[in-house]
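Scroll down for the structure; my scribbles are underneath it.
In structure tokens, the structure reads:
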């Protein structure tokens, strides 16, 4: 949702009406990093101004009693200065996305002391600053003249606000843009730029609204320019009045949430769903929440993609190592032929010609034994037996390494599925499991509290529990489940551990078994399948795999059900 100076002006007015004369009770950061200033006004509860100057679209919202955490640095400097002060006025700067909160307190001797908190809500250049008598006391971001030629922001120096855009004299750029539009058929970007050059206070959204209707390019260019400027000036005057008043806000929605909001109608959004709301603060809060949710979703997806790529890279390396070892084992399987060659040479030592490069024993004429012509028969036999012993050692090493690799391949395949399904706090746990697999010695144990297993009640005395993560699976199976509880897992594919618990001594019914199996199928990599084979056994027949990812197990005495995956139990 795009902002401009008229929207910030209306926001300042709404905040001023709500919070003027309120006292600052707390200052800190919200869990998502926004600066919060809790104000108690007229005996009301803790309304909190939440400033988000560093978001892609900087915003300010009013929230009810969020958790605030004191932080060192500039948030602490602001808190130390303004705690206990009263809000004297909340205003804005005409033509700029700048919000100013004036605060003051009077000492017991009657001395008035005041500060001004300034939020510069400009995309990519957002900032929060605290001023006293025009000098900068604290700032979220400081920069010198070498970093910014237009102004400096340095604590202890005089504050200079961002420079405002100056109107460009003359109508020549607009006339040229309209003439170009007449020739090319469409040059709205150039017309828009020229129009805002003449009227820099005209917000982009309103300029786009003025140009939303087809331009009568057949008209005289001079007259068309006059019409556009008059229309734009009228819209600007209308929105300035609305910014100072309390008229309803025009909110345009699409399937993704709020597409746009303004104080006057926007013609370019006429196809969207229109809603009229009394408060821009509420609209800002909804739009900011949507933006944060989208950012979190994108950030989570980016982290998920990065982790999945790293895990897949490790898995590909393991698969290459396994293929190489399988080739070595195949070569080592020829060891029995080497042993037989050596035995035959010892049997026929007297029959081997000197300096021969090959020998065919009379007892096995189908076999040809390759020889080193520089060695006699006995030395050739010794060399062949040496190669045989090395081949045996390689085969034993390959078999052991293949067992280890098979376990790690399964662990990474399981981990890739867990990365795909993990949400929220579970993702941090899965990331920790990846670190433990890649760097087992350096990996630190996660101290985060794990979410409990999913639980579904089937009857008064039966329920199904579903693990949410690798360690959640291990906890469910080896800490929570009882020896005679029923344990389920999709056969041969990554999936969650599922436990069917029956209170008492009765056996589970067929519908209960099928329900638990259907849940295990759904919480597996095969959830999209029409039918999934699910193994089940009692918990006492499940054991951990040594030195494997938590949740990787062996099990015996299993039976199998072919079921359709279900996200929830079927209605009774």
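Residue numbers (this note's numbering): 436 to 1007.
Positions of the beta carbon are idealized from the N, C-alpha and C atoms, including for glycine.
Residues near residue i by beta carbon distance below 7 Å, same chain, minus five either side
i           : result
residue 712 : 683, 684, 686, 718
residue 569 : 593, 594
residue 815 : 780, 806, 807
residue 810 : 818
residue 496 : 485, 716, 719, 720, 723
Contacting residues, own chain, Cβ-Cβ under 6 Å from residue i (five flanking each side not counted)
i           : result
residue 968 : 926, 995, 997
residue 938 : 896
residue 483 : 471, 473, 498, 501
residue 461 : 473, 503
residue 986 : 905, 908, 909
residue 757 : 840
Buried versus exposed, by CB contacts within 10 Å (16 or more), residue i
i           : result
residue 563 : buried
residue 439 : buried
residue 752 : exposed
residue 527 : buried
residue 943 : buried
residue 454 : buried
residue 893 : buried
residue 480 : Because residue 480 carries a pLDDT of 47, less than 50, the predicted location of this residue cannot be relied on, and no value is offered for it.
residue 921 : buried
residue 638 : buried
residue 908 : buried
residue 792 : exposed
residue 777 : buried
residue 487 : buried
residue 992 : exposed
residue 947 : buried
residue 463 : buried
residue 510 : buried
residue 754 : exposed
residue 493 : buried
residue 669 : exposed
Collapsed DSSP secondary structure at residue i in the structure displayed
i            : result
residue 606  : coil
residue 923  : strand
residue 891  : strand
residue 523  : strand
residue 908  : helix
residue 1086 : The first residue shown for the chain is 436 and the last is 1007, placing residue 1086 beyond what the model contains.
residue 580  : coil
residue 685  : strand
residue 592  : coil
residue 959  : strand
residue 986  : coil
residue 567  : strand
residue 560  : coil
residue 637  : coil
residue 878  : For residue 878, the pLDDT reaches just 44, beneath the cut-off of 50, and the residue's location in the model is therefore unreliable, although a value from the coordinates is still provided. Three-state DSSP puts residue 878 in coil, outside helix and strand.
residue 552  : strand
residue 779  : helix
residue 787  : coil
residue 803  : coil
residue 504  : strand
residue 794  : strand
residue 479  : In this prediction, residue 479 scores a pLDDT of 48, lower than 50, which makes its location untrustworthy; the coordinate-derived value is nonetheless stated afterwards. Residue state, collapsed to three classes: coil.
Cβ distance (whole Å) where residue i is taken to contact residue j below 8 Å
i           : j           : result
residue 601 : residue 588 : Going by Cβ atoms, the distance from residue 601 to residue 588 rounds to 22 Å, so no, they are not a contact pair.
residue 445 : residue 678 : 5 Å
residue 975 : residue 919 : 7 Å
residue 850 : residue 872 : 7 Å
Proximal residues to residue i (C-beta, below 8 Å), its chain only, five neighbours per side dropped
i           : result
residue 404 : Residue 404 falls outside the range modelled here, since the chain spans only 436 to 1007, and no answer is possible.
residue 626 : 609, 612, 613, 616, 646, 650, 663
residue 590 : 571, 572, 573, 574, 577
residue 978 : 988, 989, 990
residue 999 : 953, 956, 965, 966, 967
residue 923 : 932, 933, 934, 935, 951, 952, 954, 955, 969, 970, 971
residue 618 : none
residue 540 : 519, 520, 521, 547, 548, 549
residue 795 : 802, 803, 804
residue 538 : 459, 517, 520, 521, 522, 523, 549, 550, 551, 552
residue 916 : 900, 922, 934, 936, 974
residue 715 : 442, 445, 446, 449, 684, 696, 698
Chain C contact for residue i (CB, 9 Å cutoff)
i           : result
residue 736 : Judged by its chain identifiers, the structure shown contains no chain C, having just a single protein chain.
Residue i CB to nearest heavy atom of the ligand ATP below 8 Å
i           : result
residue 595 : Summarising the ligand content, the structure contains no ligands, and the ligand ATP is consequently not present.
Self-check item: Touch test, the segment 746–753 against the segment 847–856, Cβ-Cβ under 8 Å, three pairs minimum
Solution: At 8 Å Cβ cutoff, the stretches touch.
Quiz prompt | the segment 547–559 touching the segment 649–662, judged by at least three CB pairs closer than 8 Å | solution = For the pair of segments examined, the segment 547–559 was found not to touch the segment 649–662: the number of CB pairs separated by less than 8 Å stays below three.
Quiz item: Would you say the segment 937–955 touches the segment 963–977, given that touching needs at least three Cβ pairs under 8 Å?
Solution: Yes, the segment 937–955 is in contact with the segment 963–977.
Quiz prompt | Sufficient close CB pairs (3 or more, under 8 Å) joining the segment 898–905 to the segment 928–945 | solution = Contact between the segment 898–905 and the segment 928–945 is present, because at least three Cβ pairs lie under 8 Å.
Quiz item: Should the segment 803–817 be called in touch with the segment 827–843, which here means at least 3 C-beta pairs below 8 Å?
Solution: No, because fewer than three Cβ pairs between the segment 803–817 and the segment 827–843 fall closer than 8 Å, the two stretches do not touch.
Quiz prompt | Stretch-stretch touch, CB-based, cutoff 8 Å, three pairs: the segment 505–519 with the segment 463–470 | solution = Taking a cut-off of 8 Å for Cβ pairs, the segment 505–519 and the segment 463–470 touch, as three or more such pairs fall below it.
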